[in-house]
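Chemist: This structure is in structure tokens; I'll ask about it shortly.
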Amino acid sequence: MDRDPERLASVLEDAAHYPGGHATGVARPCTVDEVAALVARTPRILAAGAQSSLTGGATPRGDLVLSTSRLSGLTMGEDHVVAGAGLTLQALQDALAPHGRWFPPVPTYLGATVGGAVSTNAAGAATFKYGSVRPWVTALTMVLADGSVLSLARGQVRAGADGFQLVSPDRRVTVSIAPLPLPEVPKCSAGYPLAAGMDAIDLFIGAEGTLGVVVEATLRVVPRPAAVAWALVPVRSEPEAIALVQALRQASRDTWSSGDPAGIDIAAIEHMDARSLAIAGEDGAFDRFDIHLPAGTGVVLLVQLELPEGDASRDLWAELADVRAPGVRDTPLVRFCRVLDAHGCLEEAEVALPHQERRAAQFAALREAVPSGVNRRVAVAQSSIDPRISKTAADMIVPMDRFGEMMRTCRALFEAAGLDLAVWGHISDGNVHPNLIPTSYADVERGREAILELGRAVTAMGGCPLAEHGVGRNDQKQRLLRELYGDSGLDAMRAVKRALDPEGRFGAGILWPAG
């Protein structure tokens, strides 16, 4: 265990810069046995990987920080890997690449770790096609609160009428569950997913480290797409962007169901609203990445289109010379351009073909410039106006047929409060990140209330106000969790927590206040 103040300083806050971090020490075990021995003798543990949490979930509050950095082993199989909790997602993808494989459901930040991705049921841009991390996990090795080691494979234990019986070499534990109604959306990082007949492994995926320490995970992997094209598509208005996205989503689902080799196969569609684009422009991103938008652009869509074998080497520019002409070869890229044309977006769109990796990276960098620009403005306001100012943002998802309604509600709430708002996110999933750009602490207070109101509206639409980033120690997100499930729902989760961690060793204050 390390108590050196300089080394402790590196683990006292996560990417959210949640205030007040303090730790009794940091330990960096190398094996499952070392993790088990550490947990057995330590009253309060916070497992942490890359500390890329945006919720305060990796900021200690008097805990011993259990760093997973040395739990970074990797065993490769044909269609799976066994990965240590501390292995970064970038290292995982790099190891898989020479074998033509990849792990698709990764979040945007590839510096995150396998354990962190499992613990938050991470999701990202490509959830539309590939889903969140949960269904890709086929086995886990966990250390429970008494130091016992639980190895659990998918399909091994399912909930019966009385819940689960979990058996490790040293312990048998009964976990009763009261089913909760879960939103029917592709992303939900909101506590424990309690459902009749559920697989026991799913209880630990997305539990944010509150039920045990993930030491190792077995993950499914699949062949990499043969080729990928990116398209940057300026659209005049949000309603027009939503209509185009709905058309592309439907075309992709038709392709998946029919297996049509010339069909459109979309993995992800990102979007940036007008205020997001203004921020990128103010920061020089368009000049930096040599991107030019037409006057009157209200939304930019960034589309990831997977192409079949052979498209990486064929002369795709020749096929795209005139997609309106009769007799043009019917290919996925031609069909995609025809959908853009039908929505009046083809002329201004720019396509980066599979060999144009640098241009595709510039498109992606424009998307990342938006949150970076907002975060920088929040930091400046915090240092120059009021230290109480903090990042004030939401992470909302609804069924796609309610997406336009969610956006109208969101904009009306922030406009009524007189607040400056930028919105970007994963529109192909119906998932967005409304972000406040504050000029005072009063803005932050009004923004938090607007987010609570929006969360209530999203829940009423059948959505989830906690889509990707989890709950952590963020009091606003904890309020949203209560709004989503009510007191009875939180009581059901607390009962599971007491069964597996009766002394509250793991992640005190995560999901709900400590005490």
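In terms of my numbering, the sequence shown is residues 57 to 571.
Quick reminder that beta carbons are idealized off the backbone N, C-alpha and C, glycines included.
The structure presented is a predicted model; accordingly, all values stated were derived computationally and were not measured.
Distance check for residue 564 and residue 344, CA to CA, integer angstroms please.
Modeler: A straight line joining the alpha-carbon of residue 344 with that of residue 564 spans about 44 Å.
Chemist: For residue 449, count the other beta carbons within 10 Å of its own beta carbon; 16 or more makes it buried, fewer makes it exposed. Which is it?
Modeler: buried
Chemist: Would you mind working out which of 436, 110, 275 and 535 sits nearest residue 525, comparing C-alpha positions?
Modeler: Taking each of 436, 110, 275 and 535 in turn and checking the Cα distance to residue 525, the smallest one comes out for 110.
Chemist: Okay, do the segment 541-550 and the segment 227-246 touch, 3+ Cβ pairs below 8 Å being the bar?
Modeler: yes
Chemist: My output table needs one value for residue 154: the three-state DSSP class, helix, strand or coil.
Modeler: In the three-state reduction of the DSSP assignment, residue 154 falls in the helix class, which pools H, G and I.
Chemist: Within a Cβ cutoff of 6 Å, which residues of the same chain sit near residue 465, ignoring the five residues on either side of it in sequence?
Modeler: 513
Chemist: Here's the rule: buried if 16 or more other CB atoms are within 10 angstroms of the residue's CB, otherwise exposed. What is residue 308?
Modeler: buried
Chemist: Can you check DSSP and say which residues form a bridge with residue 220?
Modeler: 231
Chemist: Decide if residue 554 is buried, meaning its Cβ has at least 16 other Cβ atoms within 10 Å, or exposed.
Modeler: Under the 10 Å beta carbon count, residue 554 is surrounded by fewer than 16 other beta carbons and is classified as exposed.
Chemist: Can you check the segment 92-169 for any alpha helix (DSSP H) of at least 4 residues that lies completely inside it and give the ranges in chain order?
Modeler: Counting only runs of 4+ residues, the alpha helix (DSSP H) found wholly inside the segment 92-169 occupies 145-152, in chain order.
Chemist: For residue 518 and residue 85, what's the separation of their Cα atoms in angstroms?
Modeler: 42 Å
Chemist: Give me the residue from 108, 221 and 122 with the minimum Cα distance to residue 96.
Modeler: Nearest of 108, 221 and 122 to residue 96, Cα basis: 122.
Chemist: What residue range is occupied by the uninterrupted alpha helix (DSSP H) comprising residue 532?
Modeler: Annotation for residue 532: the continuous alpha helix (DSSP H) segment containing it runs 531-556.
Chemist: Quick check: the segment 131-144 against the segment 266-278, are at least 3 beta-carbon pairs closer than 8 Å?
Modeler: Cβ pair count under 8 Å is three or more, so yes.
Chemist: Return the residue from the list 113, 204, 391 and 195 that minimises the CA-CA distance to residue 94.
Modeler: 204
Chemist: Less than 9 Å between the C-beta atoms of residue 171 and residue 141, yes or no?
Modeler: Against a cut-off of 9 Å, the Cβ pair of residue 141 and residue 171 comes out as a contact.
Chemist: Less than 9 Å between the beta carbons of residue 325 and residue 441, yes or no?
Modeler: no
Chemist: Whole-angstrom Cβ separation of residue 327 and residue 283, contact assumed at under 8 Å?
Modeler: With a Cβ gap of about 23 Å, residue 327 and residue 283 do not count as contacting.
Chemist: Per DSSP, residue 562 is paired with what?
Modeler: 101
Chemist: Candidates 473, 451, 433 and 486: which alpha carbon is nearest residue 459's?
Modeler: It is 486.
Chemist: Alpha carbon to alpha carbon, how far is residue 445 from residue 492? Give it in angstroms, no decimals.
Modeler: 11 Å
Chemist: State the CB to CB distance for the pair residue 166 and residue 144, rounded to an integer number of angstroms; the pair is presumed to be in contact (CB under 8 Å).
Modeler: 7 Å
Chemist: Can you tell me whether residue 230 is buried or exposed, with buried defined as 16 or more other CB within 10 angstroms of its CB?
Modeler: exposed
Chemist: Is it true that the segment 333-340 meets the segment 152-159, where meeting means three or more beta-carbon pairs spaced less than 8 Å apart?
Modeler: Taking a contact to require three or more Cβ pairs closer than 8 Å, the segment 333-340 and the segment 152-159 do not qualify as touching.
Chemist: Return yes when the Cβ of residue 396 is within less than 9 Å of the Cβ of residue 551, no when it is not.
Modeler: no
Chemist: Are the beta-carbon atoms belonging to residue 516 and residue 469 less than 9 Å from one another?
Modeler: no
Chemist: For residue 378, which residues from the same chain have a beta carbon less than 8 Å from its beta carbon, with the 5 sequence-adjacent residues on both sides left out?
Modeler: Here residue 378 has 384 as same chain residues with Cβ atoms under 8 Å from its own Cβ, once five neighbours each way along the sequence are excluded.
Chemist: Does DSSP put residue 267 in a helix, in a strand, or in coil?
Modeler: coil
Chemist: Give a yes or no on contact between the segment 402-414 and the segment 299-314, applying the rule of three or more CB pairs nearer than 8 Å.
Modeler: no
Chemist: From residue 295 to residue 255, what does the alpha carbon distance come to, in whole angstroms?
Modeler: 39 Å
Chemist: Give me, in chain order, the residues of the same chain whose beta-carbon lies closer than 6 Å to that of residue 500; leave out the 5 immediate sequence neighbours on both sides.
Modeler: 445, 448 and 494
Chemist: Between which two residues does the beta strand (DSSP E) containing residue 207 stretch?
Modeler: 205-209
Chemist: Out of 187, 318, 215 and 58, which has the shortest C-alpha to C-alpha gap to residue 366?
Modeler: 318
Chemist: Exposed or buried, residue 221, counting other C-beta atoms within 10 Å across all chains shown (16 or more means buried)?
Modeler: exposed
Chemist: How far does the alpha helix (DSSP H) with residue 296 in it extend, from its first residue to its last?
Modeler: 294-314
Chemist: Which value, in whole angstroms, describes the spacing of the CA atoms of residue 530 and residue 316?
Modeler: 46 Å
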